[in-house]
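Engineer: Sending over a structure as structure tokens; questions will come in a sec.
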Amino acid sequence: MLQDLDLLANRISRLVSYSERLKSERSELLSRVKLLEQERTTLRDQLSTQQHEYASMAEVVTQHQVEMQTAKQTAEEAQELLYNELIQQQEELAQLRQRLQYSETRAAALEQAATFARDHVGHILDRLPNGAISPAPEQLEP
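Counting with UniProt numbering, you get residues 1 to 142 for the letters of the sequence shown.
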């Protein structure tokens, strides 16, 4: 019977030891769970912050795309206006060149007519008798 009591005491001692070890493991596991929960909370906060930053950046990107599209459209409109003005200026330049050419041709014709008239008047005056009035050389020159 003593032997049975010793066995029982040993067994109870092992159970107490096992129970204490389980308590210790439980305490460690609870501590670990608490740390993991804190880490999870931290990660959730980081995720939330990153999601807010991403949403904010997406909004900025969208706004920039709209601004770029508006600027592109404005630039295209300005380019079209400038191109139309260029065409108009080129047409006006062509007209002015034609007018200049016409004026130069007309001036050359008038100069030729004036030279012809001067020569003709000179011949007529040369044929007049000596007592006639001869033109002053300054009056004949243009």
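For every residue, glycine included, the Cβ atom is placed at its ideal position computed from N, Cα and C.
Please read these numbers as outputs of a predicted model, since none were measured by experiment.
Helix, strand or coil for L5? Go by DSSP, reduced to three states.
Structural biologist: Taking the first residue of the sequence shown as position 1, residue 5 is located at position 5. Helix at L5.
Engineer: Verify the contact flag: S48, CB atom, against every heavy atom of the ligand FAD, threshold strictly below 6 Å.
Structural biologist: The ligand FAD is absent from the structure shown, which contains no ligands of any kind.
Engineer: Could you check the C-alpha separation between R106 and Q98 for me, to the nearest Å?
Structural biologist: Position 106 of the sequence shown, counting from 1, holds the residue named residue 106. Position 98 of the sequence shown, counting from 1, holds the residue named residue 98. Straight-line Cα distance between these residues: approximately 12 Å.
Engineer: If we ignore side chains and look at the alpha-carbon of each, how far apart do residue 211 and E77 end up?
Structural biologist: Residue 211 lies beyond the residue range present for the chain, which begins at 1 and ends at 142; the question has no answer from this structure.
Engineer: Between Q79 and T41, what straight-line distance do the alpha-carbon atoms span, to the nearest angstrom?
Structural biologist: In the sequence shown, residue 79 corresponds to position 79, counting from 1. In the sequence shown, residue 41 corresponds to position 41, counting from 1. Approximately 56 Å between the Cα atoms of the pair.
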